[in-house]
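Under full-length UniProt numbering, the letters of the sequence shown match residues 486 to 767, in that order.
Cβ coordinates follow ideal geometry from the N, Cα and C atoms, glycine included.
Keep in mind the model is a prediction, meaning the values are calculated, not measured.
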Amino acid sequence: NEAWSQGLRWKYHDPAREEEVSWRLSLLGELDAAIDKGEVWIAYQPQYDLRRNQVIGAEALARWTHPDKGPISPAEFIVAAEQQGRITKLTDFVLDRAVSTAAAINRRGTPFTIAVNISPRLLTDRELVGRVKHALARHQLPPERLTLELTETESLQSAEEGLAILDGLRALGVRIAIDDYGTGLSTLDYLKKIPANEIKIDQSFVKGIKVNRSDLIMVQSTIALAHSLGRSVVAEGVEERATLDQLAEMDCDVAQGFLIGRPMGVRELVQALQVRSLRSVA
Ligand code: C2E
Ligand code: MG
Ligand code: MG
Ligand code: MG
Numbered sequence: 486n487e488a489w490s491q492g493l494r495w496k497y498h499d500p501a502r503e504e505e506v507s508w509r510l511s512l513l514g515e516l517d518a519a520i521d522k523g524e525v526w527i528a529y530q531p532q533y534d535l536r537r538n539q540v541i542g543a544e545a546l547a548r549w550t551h552p553d554k555g556p557i558s559p560a561e562f563i564v565a566a567e568q569q570g571r572i573t574k575l576t577d578f579v580l581d582r583a584v585s586t587a588a589a590i591n592r593r594g595t596p597f598t599i600a601v602n603i604s605p606r607l608l609t610d611r612e613l614v615g616r617v618k619h620a621l622a623r624h625q626l627p628p629e630r631l632t633l634e635l636t637e638t639e640s641l642q643s644a645e646e647g648l649a650i651l652d653g654l655r656a657l658g659v660r661i662a663i664d665d666y667g668t669g670l671s672t673l674d675y676l677k678k679i680p681a682n683e684i685k686i687d688q689s690f691v692k693g694i695k696v697n698r699s700d701l702i703m704v705q706s707t708i709a710l711a712h713s714l715g716r717s718v719v720a721e722g723v724e725e726r727a728t729l730d731q732l733a734e735m736d737c738d739v740a741q742g743f744l745i746g747r748p749m750g751v752r753e754l755v756q757a758l759q760v761r762s763l764r765s766v767a
């Protein structure tokens, strides 16, 4: 098909695209070394329990501060690493740091659950279960204090292997969350098959609930559906007080977003935990 091949040719000669490809490739070559050099670090974004009105945990988000290029977004380097099958070292690093931080906070007597993002690609990695187990044992974190966040993908639905690995993770006693819920394909099918404890409603729905009636209805019915299935609900992207109040009214379990706290360093996180309640955190 000529139009198609012309489109393809055009694509290959698009300088902006070439630049993007080479930028991604050069990033990738540097990522593992960057981890060793300490350029990659973890930001923690607080998660807030809407019934108890307190911070109960945080999500670990990878950050790369490049010495020349400055801060690089995870959207940039994680997609590149995933495409090349080079996400393992980054995941191990994030798991180790995040589990270590959570263990230290729990030892001080503050119940604290840490959420770590796991690339769905890793659900083909038979060693994942062992590596998660190892991280928990190394820092002596109770498994129920770790949540693994998985983004919806088509690949997982069909893969028996992925589901077996998920069962292995569940057997360890860690929690499973479906991330960015509502944005993937075949959402209901996914919800049925994945043994998740928690679903995280994508921020694109949460942001609109104050002004957009259909967003409100979708969030509300998702909460009801999740609760009927025995899962808890986290709302992502909470930026305004009115949204938070609305979510509490709809019986949402947990909120996360800039209103409660931006992704922050460990020191700030510990401070946020000392105050815990929203008035002081926000
Ligand atoms: P995610 O897991 O859905 O994480 C939530 C993203 O939303 C974060 O972006 C966070 O900074 C942002 N966010 C949180 N609250 C608000 C808000 O109120 N308003 C707005 N506008 N944004 C908010 P971030 O840190 O840039 O991460 C982007 C994505 O990169 C993450 O989406 C996750 O999929 C991926 N990611 C980050 N760290 C890791 C990691 O260690 N491993 C893997 N596999 N993926 C990661
Ligand atoms: Mg996440
Ligand atoms: Mg998300
Ligand atoms: Mg996301």
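**Prompt:** Which whole-angstrom value is the C-beta distance of E544 and Q741, which I expect to be below 8 angstroms?
**Reply:** Within the sequence shown, residue 544 is the residue found at index 59, counting from 1. Within the sequence shown, residue 741 is the residue found at index 256, counting from 1. Correct: roughly 7 angstroms between the Cβ atoms.
**Asked** In three-state terms, what does DSSP make of residue 778?
**Response** One cannot answer for residue 778 here, as it falls past the ends of the chain, which runs 486 to 767.
**Request:** Run the proximity test for E721: is its beta-carbon closer than 7 angstroms to any non-hydrogen atom belonging to ligand 3?
**Result:** For the purposes of this step, residue 721 is identified with residue 236 of the sequence shown, where counting begins at 1. E721 Cβ: within cutoff of ligand 3.
**Request:** Indicate the three-state DSSP secondary structure (helix, strand or coil) for Q741 in the structure shown.
**Result:** The residue given as residue 741 occupies position 256 in the sequence shown. In the structure shown, the three-state DSSP call for Q741 is coil.
**Whole-angstrom distance between F743 and T598, CA atom to CA atom** = Here residue 598 refers to the residue found at position 113 of the sequence shown. Here residue 743 refers to the residue found at position 258 of the sequence shown. C-alpha of T598 to C-alpha of F743: approximately 19 angstroms in a straight line.
**Item:** For H712: DSSP bridge partner residues
**Value:** Walking along the sequence shown from the start, residue 712 turns up at place 227. In DSSP, H712 forms no bridge with anything.
**Request:** Within its chain, find whatever has a CB closer than 6 angstroms to the CB of Q688; leave out the 5 residues flanking it on each side and keep chain order.
**Result:** What you label residue 688 is simply residue 203 of the sequence shown in a count that begins at 1. Counting only Cβ-Cβ distances below 6 angstroms, and skipping sequence neighbours, we find E721 and G722.
**Asked** Straight-line CA distance for L573 to V540?
**Response** Locating residue 573 in the sequence shown gives position 88, where the first residue counts as 1. Locating residue 540 in the sequence shown gives position 55, where the first residue counts as 1. The sequence given here places Thr at residue 573; Leu does not occur at that position. The alpha-carbon atoms of T573 and V540 are separated by roughly 30 angstroms.
**Asked** Where the beta carbon is closer than 5 angstroms to any heavy atom of ligand 2, which residues qualify, in chain order?
**Response** This selection yields N602, E634 and D664.
**Message:** Do I650 and L613 count as a contact pair if the criterion is CB distance below 8 angstroms?
**Reply:** Indexing the sequence shown from 1 puts residue 613 at position 128. Indexing the sequence shown from 1 puts residue 650 at position 165. Contact: yes.
**Prompt:** Residue range of the alpha helix (DSSP H) that Q563 falls in?
**Reply:** Here residue 563 refers to the residue found at position 78 of the sequence shown. Before going further, note that residue 563 is Ile rather than Gln in the sequence given. Note, I563: alpha helix (DSSP H), P559 to Q568.
**Request:** Kindly indicate which three-state DSSP category R571 falls into: helix, strand or coil?
**Result:** Your numbering for residue 571 matches position 86 in the sequence shown. In the structure shown, R571 sits in coil (DSSP, three-state: anything other than H, G, I, E or B).
**Request:** Confirm the yes/no value for this check: CB of T668, any heavy atom of ligand 1, distance under 7 angstroms.
**Result:** The sequence position of residue 668 within the sequence shown is 183, counting from 1. Flag unset: Cβ of T668 not near ligand 1.
**Prompt:** Should D665 and T632 be called a contact, given that it needs their Cβ atoms to be closer than 8 angstroms?
**Reply:** As a working note, residue 665 is residue 180 in the sequence shown. As a working note, residue 632 is residue 147 in the sequence shown. No.
**Prompt:** So which of E753, R747 and D736 has the shortest CA-CA distance to R537?
**Reply:** The residue given as residue 537 occupies position 52 in the sequence shown. Distance check between R537 and each of E753, R747 and D736 places D736 closest, using alpha-carbon atoms only.
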